[in-house]
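So for the sequence shown, my numbering puts the first residue at 21; every next one is plus one.
Positions of the beta carbon are idealized from the N, C-alpha and C atoms, including for glycine.
The next block holds one structure in the form of structure tokens; read it before the comments.
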Amino acid sequence: MPVAREDWDWKKRAYRLYALSGENAQEILRSDDSEPPEVAGLLPDSSALVLLKANGQGHQAAWALPLDGSPMRLLAEEPDADITGVYTESYTGAVIGMFVGGPRPHVQWLDSQARQRGEILDRAFPNKTVNIYGWSIDGSRTLAEVQSGSSPPIYYLIDFSTHRADIAAESYPGLENVPLGEFKEITYKARDGTPIPAYLTLPSGKPAGPVPLVVYPHGGPQARDYPGFDWVVQFLATRGYAVLQPQFRGSTGFGEAFEKAGYRQWGGLMQDDVTDGVQAMIAQGVADPHHIAIVGMSYGGFAALAGAAFTPTLYSCAVSVNGVSDLHALLDEQAPQSGFMYGRAARFISVGQSWLQERIGSETDPTVKTRSPINSIEAIRTPVLVAYSTSDGVVPNEQSERMAGALGKAGKPVTVVKLPEEDHWMSRSETRVQFLHALESFLHDHI
């Protein structure tokens with residue numbers, strides 16, 4: 021039986037939340053903010069809704085909104101990270117924990133028994149990320165995914181009554197005896213002094229002195245990397261490359277101000293944060309300044325092309341996978357609309373300014389043109405690999421095809437890799453193998 025209803029007038033940015041009791045509806049929250057709260061679930065006693073919103077805090081927090089109309093109260097927060105989501109009990113659907121962002125994401129448990137079991141798992145698997153998939157109804161058993169940046173996911177069936185952890189499945193069993201890269205959480209300073217969190221993976225048996233570096237910015241850009249196993253990162257590490265994953269401004273999980281600092285900064289501040297990470301690795305003696313590549317997918321593909329266009333002497337080569345090259349064309353292709361095409365974010369689209377426009381810029385903003393890599397072809401000096409999935413439903417193929425065509429027409433060294441019948445995320449294993457072969461060959465020749 022429904023207990024609440026959300027009303028959203030996207031034209032007026034008017035948000036209303038009602039508690040339902042039979043045929044009666046009582047308004048318990050109203051907001052004319054451009055970003056209403058996310059209704060994440062119910063507390064176990066069904067007395068209050070759980071909402072996620074900054075609500076004046078520096079970071080997104082969790083709030084309890086009683087269904088009886090009582091004032092909203094703070095439920096959970098972290099001083100240096102966002103509450104990014106909720107953990108719900110499998111059988112009742114009640115919220116029993118909060119997912120916390122930051123450099124090392126974790127769960128803040130509301131339920132004491134779940135907290136105790138979570139602490140047992142953390143002690144049993146030190147320095148690993150433990151993702152709990154669910155409990156048996158009596159809580160005596162759980163299925164958990166255990167991984168780290170240096171070890172691939174293993175799924176364990178854990179019995180608390182017998183103190184056993186049996187392997188149920190492995191994601192990459194073929195890597196059992198392969199020396200993998202050393203994964204680290206680091207921070208570096210941007211040029212304006214802002215600390216930028218990042219992940220650095222060093223090749224196994226790293227020799228003394230600088231090594232070739234691949235900087236690997238994430239997609240999104242309203243997204244982030246996690247301290248878990250990444251198939252591209254470890255592939256590169258096993259080939260002798262250090263890999264830097266910068267959590268540039270615009271990344272999620274590090275606070276509202278940090279994320280919003282990246283709005284309208286495609287090719288601007290966000291790109292500077294990536295560049296500053298590379299410079300930090302050179303200054304610290306990690307990276308060989310003459311052997312640096314930038315590789316990215318989706319927004320990361322844009323960052324790779326922007327790196328080649330706007331910092332042409334920094335990189336030996338660039339690789340864009342399903343990347344954006346023309347911001348104006350992207351805005352034109354993604355016309356303002358309502359509905360849920362973009363998930364929760366679609367609720368925030370308003371008349372005259374889409375969700376993308378709020379984050380990229382308006383079509384009349386001159387920086388949208390100057391920060392589009394396709395408009396700086398002549399500045400590019402390094403070889404570029406452009407790969408794209410022919411069945412990509414997120415970034416139009418035209419973004420890659422036009423960029424590759426412009427590079428070729430200008431006489432720039434460009435390699436094109438088509439990934440047939442593949443989606444935006446390269447979900448099929450055979451496609452990933454195809455891409456990794458092409459990536460390895462390209463980097464070998466140019467870095």
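Residue i versus residue j: straight-line alpha-carbon distance, rounded
| i | j | result |
| --- | --- | --- |
| Glu398 | Val434 | 13 Å |
| Val504 | Gln454 | Because the chain here runs from 21 to 467, residue 504 falls outside it and cannot be looked at. |
| Glu109 | Gly154 | 8 Å |
| Pro309 | Ser66 | 58 Å |
| His466 | Val253 | 18 Å |
| Ala420 | Tyr38 | This sequence places Ser at residue 420; Ala is not what is there. Between Ser420 and Tyr38, the C-alpha separation is close to 46 Å. |
| Gly89 | Gln80 | 22 Å |
| Val406 | Thr390 | 21 Å |
| Glu276 | Val306 | 31 Å |
| Val414 | Tyr408 | 11 Å |
| Trp445 | Ala45 | 42 Å |
| Arg422 | Val106 | 41 Å |
| Thr451 | Val339 | 16 Å |
| Glu58 | Val150 | 25 Å |
| Ile400 | Asn147 | 42 Å |
| Leu94 | Asp102 | 14 Å |
| Thr207 | Pro123 | 9 Å |
| Ile312 | Gly194 | 29 Å |
| Ala3 | Lys73 | A query on residue 3 cannot be resolved here, the shown segment of the chain reaching from 21 to 467 and no further. |
Same chain only: Cβ atoms within 7 Å of residue i, ignoring 5 sequence neighbours per side
| i | result |
| --- | --- |
| Tyr362 | Residue confidence for Tyr362 is low, a pLDDT of 34 falling below 50, so the modelled location carries little weight and cannot support an answer. |
| Leu85 | Ile48, Leu49, Ala68, Leu69, Leu71 and Met92 |
| Gln267 | Ile216, Pro217, Ala218, Arg244, Asp245 and Phe274 |
| Ser191 | Pro172 and Pro173 |
| Glu460 | Arg259 |
| Leu256 | Val234 and Val263 |
| Ala34 | Asp52 |
| Arg448 | Glu442 |
| Ala426 | Ile394 and Ile397 |
| Tyr324 | The sequence given here places Ala at residue 324; Tyr does not occur at that position. If we look at Ala324 and ignore the five residues flanking it on each side, its Cβ neighbours are Ile314, Val315, Gly316, Ala338, Val339, Ser340 and Gly343. |
| Leu63 | Val70, Ala84, Ala114 and Val115 |
| Ser181 | Ser160 |
Candidates the options, of which the one nearest residue i by Cα
| i | options | result |
| --- | --- | --- |
| Asp250 | Gly282, Ile302 and Phe203 | Phe203 |
| Asn417 | Pro403, Gly428 and Val437 | Val437 |
| Asn342 | Thr410, Asp296 and Ala189 | Thr410 |
| Leu264 | Glu26, Leu463 and Leu233 | Leu233 |
| Ala144 | His238, His183 and Glu98 | His183 |
| Lys226 | Gly201, Gly61, Leu289 and Pro22 | Gly201 |
| Glu205 | Thr221, Glu196, Gly213 and Thr214 | Thr221 |
| Ser41 | Gly78, Leu87, Lys73 and Glu26 | Leu87 |
| Pro230 | Asp186, Met301 and Phe180 | Met301 |
| Thr402 | Ala82, Thr331, Val388 and Leu350 | Thr331 |
| Ala228 | Glu165, Gln304 and Arg161 | Gln304 |
| Leu141 | Leu163, Pro386, Glu98 and Leu130 | Leu163 |
| Asp292 | Gly213, Leu347 and Pro199 | Gly213 |
| His348 | Trp28, Gly117, Ile380 and Glu196 | Ile380 |
| Trp392 | Tyr335, Ala60, Ala328 and Leu334 | Contrary to the premise, residue 392 reads as Ser rather than Trp in this sequence. Ranking Tyr335, Ala60, Ala328 and Leu334 by Cα distance to Ser392 puts Ala328 first. |
| Leu289 | Arg269, Gly117 and Arg137 | Arg269 |
Close Cβ partners of residue i (< 8 Å) along its chain, the five nearest in sequence each way excluded
| i | result |
| --- | --- |
| Asp352 | Glu383 |
| Ala189 | Ile174 and Tyr175 |
| Ile157 | Tyr111 |
Close-in-space but distant-in-sequence residues of the same chain around residue i (CB under 6 Å, 5 per side omitted)
| i | result |
| --- | --- |
| Arg430 | Note on residue identity: the sequence assigns Ala, not Arg, to residue 430. Here the set comprises Ile397. |
| Thr104 | Phe119, Gly121 and Gly273 |
| Gly169 | Phe203 and Pro247 |
| Asp296 | Ala210 and Arg211 |
| Pro223 | Gly201, Ala257 and Gly260 |
| Gly61 | Val70, Val106, Thr108 and Val115 |
| Arg135 | Trp129 |
Any C-beta of chain B under 8 Å from that of residue i
| i | result |
| --- | --- |
| Asp65 | No chain B is part of this structure, which consists of one protein chain only. |
Minimum length 3: unbroken beta strand (DSSP E) runs contained in the region 425 to 458:
434 to 439
Ordered list of alpha helix (DSSP H) runs contained in the region 125 to 180, each at least 4 residues:
132 to 144
Using 8 Å as the Cβ pair cut-off and three pairs as the minimum, do the region 224 to 244 and the region 309 to 326 touch?
yes
My parser needs the beta strand (DSSP E) runs of 3 or more residues fully inside the region 230 to 305; what are they?
231 to 235 and 262 to 266
Is there contact here, the region 279 to 289 with the region 438 to 453, by at least three beta-carbon pairs under 8 Å?
no
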